[in-house]
Structures are given as C-alpha cells and as structure tokens.
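Okay, structure first, notes after.
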Amino acid sequence: MNIFRLTGDLSHLAAIIILLLKIWKSRSCAGISGKSQVLFALVFTTRYLDLLTSFISLYNTTMKVIYIGCSYATVYLIYMKLKATYDGNHDTFRVEFLIVPVGGLAFLVNHDFSPLEILWTFSIYLESVAILPQLFMISKTGEAETITTHYLFFLGLYRALYLINWIWRFYFEGFFDMIAIVAGVVQTILYCDFFYLYVTKVLKGKKLSLPA
Amino acid sequence: CHRTPAKDEL
C-alpha cells in the first residue's frame, strides 16, 4: 500500500458517499444517470466476487463491502424509493453498446480464461466506460449541479491517483497489470474534458453549464 | 503459463 493508492481509494469512497448523501438529503436524483449507477453496481459485483474465495486484508474486505453496499443503495434510491425524481428522459445512453463490446473484449483479452478472471477483466473494462451515460446526460441537458460535479471530480481524481500508484508500484515493486493500466488510462482520459470545465468553472464558483 | 496478478487493489 502506498499513499497514492490509499488516497485514490479514499477519493473513490468520497465520490460514492457524496453522491449517496446528495440524493438522500435532497430526496432527489435529478441530473443523475441511473444507468451509470447500475453499471458501477455491476462493476463492483463482478470484480469483488473474490470476497468469497480469498482474503487479502481487513482494509481490502471492508472497502469492497462498503463500495458494493453504497452502489446498491444508490441504485435502490434512483429506481425504487425516489423513482419519481429520476430524469429517465435524459438518461438515454444505450448501455448495450458498452456491455456487449466490453464483454467480448473480456473474453478475448484476459490474464486467464477462467470464470472469475473473465468477470474481473469485464469489471475493469466496464469501469473505464461506466461514467459515459452520466457524461452523456450532462452533455444533453447542458448543465450539472455543482454537487454532481464534485462527485465526478473525486471519481476522476481516484483514477488519476491510481495511475500514479501504478507507476510507483512498477518502480518499487516491479508490479504491473497491463489490463488494469490500459483500462485506467482510457478511463482517466474520459475525465480530462470534465476536469477542464471543473477547474475553469466550478472552482471559480460558477455552475457547470455547457454552451448550447 | 499465465500468472494472475494479485487482486489486492480495489
């Protein structure tokens, strides 16, 4: 464990909790893509199946359980409890265009052709694009609530910190996982445009709105 | 033979 991975994990945790609290406190999931949240729940479920087969550390297990629990709670709030506030008309990204290619790629490019390993690979690839429905929704409505942008910022920060973590691990531990690294780079690139808007607008106290 | 990397990351 290095400082970049730890702060990356905590940043990820912050993102998840910010979103859950925002929805819970405002009793509204307006502006949030339910599809992205379902994809993230699928990501955590397929990746953390190793909770049942191997124990790594108390930290590792605790974080996995919290991530899974929070992601399902978020999905529950969006599609069940606060369904009336869900903005489905603007959440029109076709997720099958993500799931099908990502599933195919996981079968073709993986470390080991075993069910658990393929599901893990699937989750890595899927995570790299799971935010697209949310970004698509923002581009469609042309704006995002500031709290939603904080959520996205922490999610992107987590990816950037993980990239530094992998450089660190490569130099000091000789460890690298090509699948995770390539997917992580793709995922981080997807946030770049958003980061730019976040720094130039949100941090200067303006609302994030896109030109028409 | 493949060496499956340790899944210690989240």
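These protein sequence lines are chains D and G, in that order. Count along the first sequence from 1, then add 1079; that gives the number in this note's numbering. Count along the second sequence from 1, then add 468; that gives the number in this note's numbering. A virtual CB, placed ideally from N, CA and C, is assigned to each residue, including glycine.
Problem set entry | residue 1081 of chain D: contacting residues in chain G (beta-carbon distance under 8 Å) | Contact annotation for residue 1081 of chain D against chain G: no contact, minimum CB-CB distance about 11 Å [criterion: below 8 Å].
Exercise. Taking C-alpha atoms, which residue in D/1082, D/1241 and D/1216 lies nearest to residue 1165 of chain D?
Worked result: For residue 1165 of chain D, the nearest C-alpha among the options comes from D/1216.
For this session: Specify whether the segment 1113-1122 of chain D and the segment 1260-1267 of chain D touch according to this definition: at least 3 beta carbon pairs, one from each stretch, less than 8 Å apart.
Result: Flag = no, the segment 1113-1122 of chain D and the segment 1260-1267 of chain D do not touch.
Exercise. Do the segment 1143-1151 of chain D and the segment 1239-1246 of chain D meet, that is, are 3 or more Cβ pairs less than 8 Å apart?
Worked result: Touching, no.
Problem set entry | Beta-carbon proximity list for residue 1208 of chain D, same chain, < 6 Å, skipping 5 on both sides | So the qualifying residues of the chain are 1177.
Exercise. With a Cβ-Cβ cutoff of 8 Å, do residue 1212 of chain D and residue 1115 of chain D count as a contact?
Worked result: Taking 8 Å as the cut-off, the Cβ atoms of residue 1212 of chain D and residue 1115 of chain D count as close.
Exercise. Any C-beta of chain G sitting closer than 8 Å to the C-beta of residue 1088 of chain D?
Worked result: It does: the Cβ of residue 1088 of chain D has a partner Cβ on chain G nearer than 8 Å.
Problem set entry | Contacting positions in the segment 1187-1208 of chain D - beta carbon closer than 8 Å to chain G | Hits within the stretch, in order: 1190, 1191, 1196 and 1199.
Problem set entry | First and last residue of the uninterrupted alpha helix (DSSP H) at residue 1081 of chain D | That residue, residue 1081 of chain D, is in no alpha helix (DSSP H); it is neither H nor E in DSSP.
Problem set entry | Chain-ordered neighbours of residue 1146 of chain D on chain G, where CB pairs are closer than 8 Å | By Cβ distance, chain G contributes 478.
For this session: List the residues of chain G whose Cβ lies closer than 9 Å to the Cβ of residue 1129 of chain D, in chain order.
Result: Ordered by position in chain G, the residues that pass the 9 Å Cβ test against residue 1129 of chain D are 475.
Exercise. Between the beta-carbon of residue 1187 of chain D and the beta-carbon of residue 1108 of chain D, is there less than 8 Å?
Worked result: Their beta carbons are not under 8 Å apart, which means residue 1187 of chain D does not touch residue 1108 of chain D by this criterion.
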